[in-house]
Amino acid sequence: MAGQQPPSEPRKDDAYEPVNSGSGYVAISYLIGGMVVWGGIGWLVDQWLGTKGIAMGIGAVVGGAAGVYLIARRLGA
Amino acid sequence: MTGRTIVLASEVPFPPSVEDFYLPSIVPWGGHDYWFTKITLLLWITVAMLIIFFLVAYRKPKLVPTKRQWLAESIYGFVRNNIAVDMIGKEGVRFAPYLTTLFCFIFVMNLWGIVPMAQISPNSHIAFPIILALISWVMFIYLGFKKHGIGYIKFALVPPAPWFILPILVPIEFFSNFIVRPFSLAIRLFANMFAGHMLLLVFTLGGFAMINANALLTPISILSWLMTIALTFLDFAVIALQAYVFTVLTASYIQGSLAESH
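Which chain is which? The protein sequence lines are A and B, in order.
Okay, so the first sequence: first residue is 1 according to the working numbering, each after it adds one.
Okay, so the second sequence: first residue is 1001 according to the working numbering, each after it adds one.
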């Protein structure tokens, strides 16, 4: 019965750096966050200038684009 | 509880409303203005159960574990290896005790939603998820400042990008890192528990409402109650999943605060 070893149970202390599993949630929060933040600021501008949703629309589009850019910057590399 | 069920069977308040989540006081000497409700009782039982279970399980640790010790070690090992170390890395070990406590606490609190006689999860009152989310929020901000000093503000808010885009990006970073995170943690847990309880109420009370309205609807009432049983199993999956998700996200935020620069 030579060579019988206790079952090895790696305790993962020396594991590699983790892949960032939360990045999916991060991506979604950037996308929605971008549109909500800049859409919201656009809405405030609308209230201020008395326009009807033009600034909000522009804000949401710009915010969405900025969100995509942030995802590429923060998560893409 | 049984008395109430019989009352319900005769005159069913259907559809259920948010009022059904505000339970009456259950202090034995009566009175309606006491704060001690079933929710309070379940909270205390949860805390007592967890403390006693882990104390008893680890009182005399053996090399060949007893059944109780094995269970406690499995839970701790699962959170330690599959959440703490997986998400945070080597440093995660020191957060494993907190994450295990968090996981067990949320799991047991959620579980009350499908335990007979209890049948409501304290987490379906948003106060509990809010406090848990606040703890996670304060923790990852504190850890960030501890690790990066005052530079954490720049680390968290300023992405690597040309200077002329930064005015657009910084508000988004602030919003998604410091406002959305605690909100989504709290609301995700609360809404799942609230909706789970509501679904069970709708199908149970709906069965009574139909059988009272017309005896011919009896088969559909029975179908509705069978659905309640099926939904209870679905609810169990949601309960375990939400406890896991809350813990994983907390670990993920901690990892984000501890990370070196991008």
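Glycine included, each C-beta is placed from N, C-alpha and C at the ideal position.
Flag this pair as yes or no: are the beta carbons of Met1049(B) and Asn1123(B) separated by less than 8 Å? no
Buried versus exposed, by CB contacts within 10 Å (16 or more), Asp1235(B): buried
Just to confirm my understanding: we take Ile58(A), look at its own chain, exclude 5 residues before and 5 after, and list those with CB closer than 8 Å. What are they? Excluding residues within five positions, the ones whose Cβ falls inside 8 Å are Gly42.
Applying the 10 Å Cβ sphere with the 16-neighbour rule, what's the burial state of Asn1214(B)? Around the beta carbon of Asn1214(B), a 10 Å sphere encloses fewer than 16 other beta carbons of the protein chains shown; the residue is thus reported as exposed.
Spell out the partners DSSP gives Thr1037(B) in its beta bridges. Ser1025(B)
Alpha-carbon spacing of Ile1179(B) relative to Ile1130(B), whole angstroms: Cα to Cα, Ile1179(B) sits roughly 13 Å from Ile1130(B).
Ordered along the chain, which non-local residues of its own chain (more than five positions away) have a Cβ less than 6 Å from that of Val87(A)? Here chain A comprises residues numbered 1 to 77, so residue 87(A) is not present and cannot be evaluated.
Validate contact between the segment 40-56 of chain A and the segment 1019-1033 of chain B using beta carbons, cut 8 Å, 3 pairs: no
Would you say Leu70(A) lies against chain B (beta-carbon separation less than 8 Å)? yes
Does Ala66(A) get closer than 8 Å to chain B when you measure Cβ to Cβ? yes
Output the distance between the C-alpha atoms of Asp1033(B) and Val1027(B), rounded to the nearest integer angstrom. Spanning the alpha carbons of Asp1033(B) and Val1027(B) requires a straight line of approximately 10 Å.
Identify, in the order they occur along the chain, each residue of the same chain with its Cβ nearer than 6 Å to the Cβ of Phe1246(B), setting aside the five sequence neighbours on each side. Ile1106 and Leu1189
Residue-level contact to chain B via CB, Gly34(A), 8 Å cutoff: Closer than 8 Å: yes.
Is it true that the segment 1114-1128 of chain B meets the segment 1039-1049 of chain B, where meeting means three or more beta-carbon pairs spaced less than 8 Å apart? As far as the Cβ criterion goes, the segment 1114-1128 of chain B touches the segment 1039-1049 of chain B, which means the pair count is three or higher.
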